[in-house]
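Here the structure is laid out as structure tokens; the discussion comes afterwards.
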């Protein structure tokens, strides 16, 4: 986890605490999925929850990859669902959090009391593609 990813994780839990919602736990599987999706969007030049192969966040988590990036599948960590926030063009944690918190849908994902775990991924190359993957256990 990079310093910026750690900062966003902390900012998310601060926002949840302010809203009276419990903190999210870090999940390495969701982190790998989020990180790979951010890198994939940058490298292949797309910006979408669905990659060019038609895989959405749940597909990528289940299959254990995003684009050409591979990691350990999170199948062993059963989620009821995986929600996702993405952003592009924000180079600092404060900028991306401000954008997400001012967007009703993104804010709802961040403050969703049904989510229990999170992974925050920022592109290694450009630093301006962000992905949050939220999950909750069975």
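Residue numbers (this note's numbering): 4 to 141. Glycine included, C-beta positions come from ideal geometry on N, C-alpha and C.
{"query": "Three-state secondary structure (DSSP) of residue 93", "result": "coil"}
{"query": "Reduced DSSP secondary structure (H/G/I, E/B, other) of residue 42", "result": "helix"}
{"query": "N- and C-terminal bounds of the alpha helix (DSSP H) containing residue 112", "result": "107–113"}
{"query": "Residue interval of the beta strand (DSSP E) (run including residue 123)", "result": "120–125"}
{"query": "Stretch pair the region 19–28 + the region 114–128: three plus CB contacts closer than 8 Å", "result": "yes"}
{"query": "Any C-beta of chain D under 8 Å from that of residue 126", "result": "Here there is only one protein chain, and chain D is not present."}
{"query": "Residue 122 and residue 30 closer than 8 Å at C-beta", "result": "yes"}
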